[in-house]
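**Q** Here it is: the structure, laid out below.
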Amino acid sequence: MEASQASFKEEIEAGQEFIKEKMKAGQESVKQEMRLGQEEMKREIACMIENKFEAMEGRINTAEDKVGEIQERVSAVEQQIEGGVSAVQQQIDKRVSAAVDKEVDTLRKCIATEGSNSEGLKFLPMPARPSLNLLIYDGKTSWQVYEIQFPIVSDANGWNYSLAKL
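Heads up: the sequence shown at position 84 corresponds to 84 in this note's numbering, and the numbers run straight through without jumps.
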């Protein structure tokens, strides 16, 4: 019986050894499959990232192209505006020149018809700029409020201290 127990024990140990080897082999194959799966996932992720970058580059290139087109349009509009401004400036210069020439001719004719009669031509000097007048003190407002206008009117009329006292 001991021999049968020993043989049974050996069979059990052999079975356990076989199961261990099978489990190790299974674990190795699972590890190998996992490695292959991880490598495949890495390749897929890298491919997805590359596709995303390519898509972004495409979008960036499209946006850059649109910006270039807009810049070209802006340049064309600027050139048109500059041309229009130049044309308007030329028209203004022509009109001003014509008006000045007309006024000069009118003055020459006036001088020619008046001859040496200086009474016909009375030139009144025009002030260089409009002048402000002081308001009249009505007695209703306070003197401090009324007094504020003096330096303002003096500055506006370009008076110095000695002229302002008059």
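All residues carry an ideal CB built from backbone N, CA and C; glycine is no exception.
Would you tell me roughly how many angstroms separate the C-alpha atoms of M56 and S86, rounded to the nearest one?
**A** Translated into the one-based positions of the sequence shown, residue 56 becomes position 56. Translated into the one-based positions of the sequence shown, residue 86 becomes position 86. Looking at the two C-alpha atoms, the distance is approximately 44 Å.
**Q** Taking N160 and S131 to be in contact with their CB atoms under 8 Å, please state how far apart those CB atoms are, rounded to whole angstroms.
**A** Along the sequence shown, one-based indexing puts residue 160 at 160. Along the sequence shown, one-based indexing puts residue 131 at 131. The pair is not a contact, with the Cβ atoms about 14 Å apart (cut-off 8 Å).
**Q** Comparing alpha-carbon positions, which option in K140, E11, T62 and L135 lies nearest P151?
**A** In the sequence shown, counting from the first residue as 1, residue 151 sits at position 151. The candidate whose alpha carbon is nearest that of P151 is L135.
**Q** The alpha helix (DSSP H) with Y146 in it runs from where to where?
**A** Start at 1 with the first residue of the sequence shown, and residue 146 comes out as number 146. Taken as a continuous stretch (DSSP letters only), the alpha helix (DSSP H) holding Y146 covers W143 to E147.
**Q** With DSSP collapsed to three states, give me the class of G155.
**A** Here residue 155 corresponds to residue number 155 of the sequence shown, with the count starting at 1. The identity of residue 155 in the sequence shown is Asp, whereas the question assumes Gly. Reduced to three states, the DSSP call for D155 is helix.
**Q** Taking just the CA atoms, how far does I60 sit from Q71?
**A** Sequence index remark: in the sequence shown, residue 71 carries index 71 (1-based). Sequence index remark: in the sequence shown, residue 60 carries index 60 (1-based). If you take the alpha carbons of Q71 and I60, they lie about 16 Å apart.
**Q** Looking only at its chain, what residues have a beta carbon closer than 7 Å to the beta carbon of K140, apart from the 5 residues adjacent to it on each side?
**A** Position 140 of the sequence shown, counted from the first residue, corresponds to residue 140. For K140, where only same-chain residues beyond five positions count, there are no Cβ hits under 7 Å.
**Q** According to DSSP, simplified to helix, strand and coil, what is G139?
**A** In the sequence shown, the residue the question calls residue 139 occupies position 139. Correct three-state label for G139: coil.
**Q** For S131, which of helix, strand or coil comes out of DSSP?
**A** One-based indexing of the sequence shown puts residue 131 at position 131. It is coil, neither helix nor strand.
**Q** What does the alpha-carbon distance come out to for the pair T62 and E50?
**A** Taking the first residue of the sequence shown as position 1, residue 62 is located at position 62. Taking the first residue of the sequence shown as position 1, residue 50 is located at position 50. Going from the Cα of T62 to the Cα of E50 covers about 18 Å.
**Q** Runs of 4 residues minimum, wholly inside the stretch 59-103: which ones carry the alpha helix (DSSP H) assignment?
**A** Entirely contained in the stretch 59-103, not one alpha helix (DSSP H) run reaches 4 residues.
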